[in-house]
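Residue numbers (the working numbering), protein chains in the order written: chain A, 1 to 351; chain B, 1001 to 1341. Glycine included, every Cβ here is placed at the ideal spot set by N, Cα and C. Nothing here was measured: the structure is a model prediction, and the numbers come from that model. Accompanying notes for the structure given below.
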Amino acid sequence: MKQKRFSWQRLVHARLFMPLVCLAVVLLANVIRTPDFFKISLNNGVLYGYLIDIINRSSELVILAVGMTLATAASGGQDISVGAVMAVSAAICCQILSGGEVSVTSLAAPIILAALAGVVAAALCGAFNGFLVAKLHIQPMVATLILYTAGRGIAQLVTRGQITYVRVDAYKVLGGYIGNCPIPTPVFVALIVVIIMAIILKKTALGLYLESVGNNGKASRLVGLNSALICFMAYVLCSILAGIAGLVASSRIYSADANNIGLNLEMDAILAVALGGNNLGGGSFNLTGSIIGAYTIQALTTTLYAMKVSADQLPVYKAIVIVIIVMLQSPIFRSLIAGMKHKRTVTVNEK
Amino acid sequence: MKSKKLSRSGLLLAITIVLFLLMYVSGMLIFSDKGFAKPQMFLNLFISNAGLIVIGCGLTLVMITGGIDISVGSVTALICTVSAFMMENMGLSAVSALIASLFIGLLFGVVQGYLVSYLEIQPFIITLAGMFFARGMTAVVSTEMISIKNELFLKWAKTKIILPFGYTNKKGVYIEAYIYPTVVIALLTLVLIALMLKYTRFGRALYAIGGNAQSAVMMGLNVRRDKFKAYALDGFLTGLGGFLFCLNSCAGFVEQAKGLEMDAISAAVIGGTLLTGGVGGVVGTLFGVLIKGTIASLITTQGTLSSWWVRIALSALLCFFIVLQAVIGSVGSKKNRAKLV
């Protein structure tokens, strides 16, 4: 009996317990509502089903969540410019592909080149954020607020206030399907990003450095780490990933819509990081948790859409969820609850 | 130490005022043919930014304590839409819309303030959640744009207060300069907040908390309570400012006041309020707002540039001032840091 209870407690306190439970709850709610939720069918050589849709749609979010996790770990703050950076990268990529036209059916430049330009532009945005955060020690959210508001303006200027369409099949691959493969490409993109990041974090000391800088930047500097550089790199990496996500998002709609690409996604990414059991105050992080968090958020979004909640109203629910999570994470709130529990046990014992 | 800090904020304020004058005078010289030199143009800065002045005051209070509130733009949109909905769709009076606006603002301030000060959660996260919550709630109230036609409301919005000076136009007709009641309320609020910051215990406590919260606790200040009050007051002022904003726009819709938080934060920062807290004031914020207004009217007078340039120019200016603060700050604190290490 004692043994069992012990393992139960260990389970509850495991880092991935919370995110997995959240995911399970959302999925369970869906199964109850629509019994054929898990059904996956093959139509026209392409996989169909709620589950596939969720996994497909959450690809950008997974990519963003990975970057957001690193930025959060290193700086103890979040990068709220990721949505705008997505728009910038998509705008630049599409503008190069279309050669300045509003709508084209043939490419003006190789896709690789344009995609690379988009990612480089995103990296520059990241460098700007990183410079403000790491070198000038500005709170991450204020620093990234600059691009959060200016980013979409820059994207608008790049596309000259219009939606640039690239109606070329080759460009639709990134957000569609490769040849006859039944699984959507974004899933692979997300998978590749996660695998590469996992390898980098496992095989190099970068992960450890990020945690150490996030826990105590000054101490890390004193033991010989270049705190500023590591924090800077985390932001560049976060923006590069946002740029990749932007390309995927723009390929889905084969256009660059500066106003809507990545809209409100920064909130989702932060939510995914928080839901994954990561401390939003920085320090140690858990990539797997964030990824599970990202899938949970997308599942929640899809569920809410299915419940006829409009896209404009979604943030209400997400904001409530994030407030609850940060409250649960707050040490003071925990000690309050613990104090209440303690009181209750004392009174029970006295009886 | 104290005198040094004061001079630092004085220096930042002086730079801001000089910048504003430079911008305005150069605007007058470049666009003199388009009416930039008329006194009414200057008053229009106040008229179109009355709401922002009040919201900026609230935000300055919070920023002085070292916190931030990025929900103000969305809360403004919520207030405008709720006011419009109450008056147009429910047929309620303008007074009840005003009360509802103040209540909504205060509610946001109290909830966010509680979470930030008593549960010690990062203000960014909480107010980011508040920002999305308010924007989403706006869509819940109404997804369509509602224009306000309530008589009393329009009377509040458009009663001209004639000033004792004016100018003669090209045809030789004397035109009196005027302002709207919103400007009076905004400036009155500004003066009250400035006096409160300077002469009350609460106002001074805010600076102490922002300078060093730990020392403030040791001095015997009730840091949590004062922080909470700052957020609550900020929320109330956002409610008032949001209503003034609504009086200026006479409409409510989901996308309204997008990026207003950025305008308010940059106004405060440009006006010399440090993002790290402890230094700043609402007079600077007023000049920050005026600079923002000048940029906007320069770009609209110029005519060919897209309105996105206002935001980009303001972001660039904010960036410049943040760097300036960091440079001035590091010059001041380098000696102290050297001592510590």
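Here residue 1165(B) carries a strand assignment [DSSP, helix/strand/coil].
Interface residue (Cβ-Cβ distance to chain B less than 7 angstroms): residue 232(A) is not classified as such.
Ranked by Cα distance from residue 1157(B), the first of 1180(B), 1058(B) and 1145(B) is 1180(B).
In this structure, residue 1086(B) keeps its C-beta atom at 7 angstroms or more from the C-beta atom of residue 1251(B). Within the DSSP secondary-structure output, residue 323(A) pairs in no beta bridge.
The Cβ-Cβ distance between residue 1065(B) and residue 1259(B) does not fall below 7 angstroms.
Take residue 109(A), set aside five residues on each side of it, and the residues of its chain with a beta-carbon closer than 8 angstroms to its own are 96, 97 and 99, in chain order.
Nearest neighbour of residue 223(A) by Cα position, chosen from 231(A), 236(A) and 209(A), turns out to be 209(A).
By the neighbour-count criterion, in which a residue is buried when 16 or more other Cβ atoms sit within 10 angstroms of its Cβ, residue 93(A) is buried. Judged by their CB atoms, residue 1269(B) and residue 1318(B) are nearer to each other than the 7 angstroms cut-off. When 47(A), 187(A), 74(A) and 111(A) are compared, the shortest CA-CA separation from residue 63(A) is found for 187(A). Annotation: residue 106(A) is outside any alpha helix (DSSP H) and is labelled neither H nor E by DSSP.
Inter-residue distance for residue 1256(B) and residue 1078(B) is about 9 angstroms (C-alpha atoms, whole angstroms). Excluding sequence positions up to five before and after residue 173(A), its CB lies within less than 8 angstroms of the CB of 185 and 251, all in the same chain and listed in chain order. Between residue 1113(B) and residue 1231(B), the C-beta spacing is below 7 angstroms. Contact annotation: in the stretch 1181-1205 of chain B, no residue has its CB less than 8 angstroms from a CB in chain A. Close to chain B, meaning a Cβ-Cβ distance shorter than 9 angstroms, are the following residues of the stretch 295-317 of chain A: 310, 311, 312, 313, 314, 315, 316 and 317. For residue 193(A), the three-state secondary structure derived from DSSP is helix. Per DSSP, the unbroken alpha helix (DSSP H) holding residue 209(A) starts and ends at 206-215. At a cut-off of 7 angstroms between beta carbons, residue 323(A) contacts chain B.
Here the alpha carbon of residue 241(A) sits roughly 24 angstroms from the alpha carbon of residue 51(A). Taking all protein chains in view, the Cβ of residue 1214(B) is surrounded by fewer than 16 other Cβ atoms within 10 Å, so the residue is classified as exposed.
Annotation: the continuous beta strand (DSSP E) that includes residue 1177(B) extends over 1174-1179.
Chain-order list of chain B residues neighbouring residue 137(A): 1326, by C-beta distance under 8 angstroms.
Under the three-pair Cβ rule at 8 angstroms, the stretch 282-293 of chain A does not count as touching the stretch 1084-1103 of chain B.
Along the stretch 1130-1162 of chain B, going in chain order, the ones with a CB nearer than 9 angstroms to a CB of chain A are 1130, 1131, 1132, 1133, 1134, 1135, 1136, 1137, 1138, 1139, 1140 and 1143. For residue 287(A), the uninterrupted alpha helix (DSSP H) segment begins and ends at 287-306. The Cβ neighbour count for residue 33(A), taken over all protein chains shown within 10 Å, is under 16; the residue is labelled exposed. Here residue 1165(B) is exposed: its Cβ has fewer than 16 other Cβ atoms, across all protein chains shown, within 10 Å. The beta carbon of residue 145(A) sits closer than 8 angstroms to those of 80 and 81, all from its chain and outside the five residues before and after it, given in chain order. Runs of the alpha helix (DSSP H) lying entirely within the stretch 1075-1127 of chain B and spanning at least 4 residues, in chain order: 1094-1113.
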